[in-house]
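A quick write-up on the structure given underneath.
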Amino acid sequence: MATMIASDCINCGACEPECPNNAISQGDPIFVIDPKLCTECVGFHDYEACAAVCPVDVCITDPKNVESEEVLIARARALHPETDFGENFQSRFRKAETAAPSATPAAPAKAAPVAPIAAPKPVAAPAAAKAPQQVTPPKPLPVKREPRPKKTFPNEIPGNFAEVSNRFATSGSRLTGMPRAAVILLQPLIGSFPHGIKKRLEMALQTPWFTAAGSTALNIAHNAVLYPLALMALAALKDGPQVLFSRDINLWVLVGFIFATFEGVFRLRDGIFKAKPADEMKFPASIYGAPLSLIGEIFFSKHLGLVRELPIPVDGFYSDGFVDKLERERRYGNVYTVEDRGGAFLVRMEFPRWMPYIGVARREQIPDEMPDYDYDLALKDGQLVVKGKCLDDKVRKISSSVGAFPPEFTTVIPFRQRISGFAHQFENKLLEVLLVKA
């Protein structure tokens, strides 16, 4: 199947220089791939180079243009007559066949003509010895490392992070007590609020009992009852209370239910029509949610201190063979929150956790879990500068050839208020930095 570029392309241009056939060019309005020149990198790589470097995973296979390995290698030979590809050329088709378990039983079949009787002979040993060469070696287990000594940086406050953090734990940045219980119980109503408010509440509560997706679902079910009741009340005001006991009321109930259904489909359109997972969906407000949220903001402003919530990753093609969007954002240092605790800001940054599942050479030689990153922190001109760097040599060699997999990142987080110092801790790939206001 020839590769194509989906409409979500961001025109970064990373794919164009990687194509060995010059099949990618700037189109209007996005990059395009000429199917007459595309060979899916057969003959050059055992993966598709454009898909490996695409940061938003929009280089996808075209189901309307199915082509076999024979057709693709023939095209590669025609495009590059000066290149001798031979019979053992690289191909993602052959890579899949090599990994298949059915390839290993072929060796013992050659031994049958040599020894027609049941007596064991040493000639069978060489055939058995060749079999392990066709078996993919098992993935190495993650290396267990001893806890690293705590790092210290300029402007860091002396003392334990937990002790420093406890000084600002009661600054009104989180919902506790009765306000917390009220938010959880009022989910069917709060689910009508705009997406931003629900995500802020989700981050403030930090509990599975309240999520933006769950509260929205409860509100949609709530509206399926509320809207018919509201139209029944409107009918009673228009035609008198007796209409409630007539058949005419059925039409009002039906209209209310249909309106609630269409509104629910519209609010869940990211999941229904774009197949996005819940953590990447945006849940808009209901018809009455926006004005109602203005009243809720007065209450929530006293209890919420969240300045920045987790980002929604860039849209892209969704398949098991492509990188997870949120994990990709971690590799760029974009997955962090900023919380205002009154006398301090709390920054929580998630570091990369898993190796990307993209077609790169030597991928099977490293474990699935991402090794720990080294990091540096600095305060410069009212900004927190976070630098992360992967030190594993094998991972860095692979990441250097993949555009969506940088081996290091630098994130600059600005603050409007002057910062006097900070404390930090780094555990389980989570960096927490408490920045004390001057």
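The sequence shown maps to residues 16 to 453 in this note's numbering. Idealized CB from N, CA, C, for every residue including glycine.
Rounded separation between residue i and residue j - CA only
i, j, result
"S308", "R411", "47 Å"
"F272", "D383", "48 Å"
"L450", "M218", "19 Å"
"E84", "K214", "47 Å"
"Y333", "C53", "The predicted position of Y333 is uncertain, since its pLDDT is 44 and thus under 50; a value taken from the coordinates is nonetheless stated next. One C-alpha to the other measures close to 22 Å."
"A236", "K253", "27 Å"
"I25", "E63", "19 Å"
"P256", "L244", "13 Å"
"V198", "A300", "17 Å"
"V400", "A177", "22 Å"
"R345", "I264", "54 Å"
"A29", "G358", "44 Å"
"M385", "K404", "12 Å"
"F46", "A66", "13 Å"
"L174", "L200", "Note on identity: in this sequence residue 174 is Gly, with Leu being the wrong assignment. Taking the straight line joining both Cα atoms gives about 40 Å."
"F208", "F277", "17 Å"
"A227", "G206", "7 Å"
"L233", "Y388", "40 Å"
"F108", "I212", "48 Å"
"P70", "P421", "10 Å"
"V350", "M364", "6 Å"
"E33", "H60", "11 Å"
"L241", "E342", "39 Å"
"V455", "A248", "Beyond the ends of the chain as shown, which are 16 and 453, falls residue 455; an answer cannot be given."
"S106", "A91", "12 Å"
"C56", "Q221", "46 Å"
"M193", "T352", "25 Å"
"K165", "F314", "40 Å"
"S186", "V179", "For S186, the predicted model reports a pLDDT of 45, less than 50, meaning its position is unreliable and no value from the coordinates is stated."
"R195", "W224", "10 Å"
"G229", "T167", "41 Å"
"G397", "K452", "10 Å"
"L21", "D285", "What sits at residue 21 in the sequence shown is Ala, not Leu. When rounded, the distance between both Cα atoms is 17 Å."
"V73", "K297", "21 Å"
"K409", "Y390", "19 Å"
"I48", "E82", "15 Å"
"D407", "E423", "11 Å"
"T231", "Y303", "13 Å"
"P96", "E31", "22 Å"
"C27", "S40", "12 Å"
"H439", "E354", "14 Å"
CB of residue i within 8 Å of CB of residue j, strictly
i, j, result
"G436", "I172", "yes"
"W267", "A250", "yes"
"V448", "V362", "yes"
"T98", "T18", "no"
"N36", "L87", "no"
"F430", "F360", "yes"
"L394", "I434", "yes"
"K340", "E295", "yes"
"R368", "F183", "no"
"V280", "L246", "no"
"F366", "L283", "no"
"P42", "F100", "The sequence given here has Gly at residue 42, not Pro. In this structure, F100 does not lie closer than 8 Å to G42 by Cβ."
"T425", "K444", "no"
"A239", "A290", "no"
"N80", "P44", "no"
Residue range of the unbroken beta strand (DSSP E) whose run includes residue i
i, result
"S207", "First-last for S207: undefined, no H or E at that position."
"F176", "Taken as a continuous stretch (DSSP letters only), F176 belongs to no beta strand (DSSP E), being part of the alpha helix (DSSP H) at 176 to 181."
"R363", "359 to 365"
"H439", "434 to 442"
"V384", "Per the sequence shown, residue 384 should be read as Glu rather than Val. Element bounds for E384: n/a, residue is neither H nor E."
"D355", "351 to 355"
"I428", "423 to 429"
"K452", "445 to 452"
Limits of the alpha helix (DSSP H) - the one that residue i falls within
i, result
"D254", "227 to 254"
"E31", "No alpha helix (DSSP H) contains E31, which DSSP labels as neither H nor E."
"P194", "192 to 200"
"K340", "340 to 346"
Proximity test, residue i beta-carbon vs the ligand COA heavy atom, cut-off 7 Å
i, result
"L450", "With respect to small molecules bound, the structure shown includes none, and the ligand COA cannot be examined in it."
Strand pairing of residue i, partner residues [DSSP]
i, result
"Q105", "Answer is none; Q105 lacks a bridge partner."
"D389", "K404"
"K214", "K214 pairs with nothing; no bridge assigned."
"M19", "I75"
"W224", "Per DSSP, none; premise fails for W224."
"K409", "None; K409 has no bridge partner."
"Q399", "The amino acid at residue 399 is misidentified as Gln; the sequence shows Leu. According to DSSP, which records beta bridges pairwise, L399 is partnered with L394, I428."
CB contact below 8 Å: residue i versus chain C
i, result
"D99", "Although the question refers to chain C, the structure presented lacks it and comprises just one protein chain."
Which ranges does the beta strand (DSSP E) cover as unbroken runs of at least 3 residues, wholly within the segment 34 to 84, from first to last along the chain?
39 to 41, 46 to 48, 74 to 76
In chain order, each alpha helix (DSSP H) run of at least 4 residues that lies wholly inside the segment 256 to 311
263 to 282, 284 to 289
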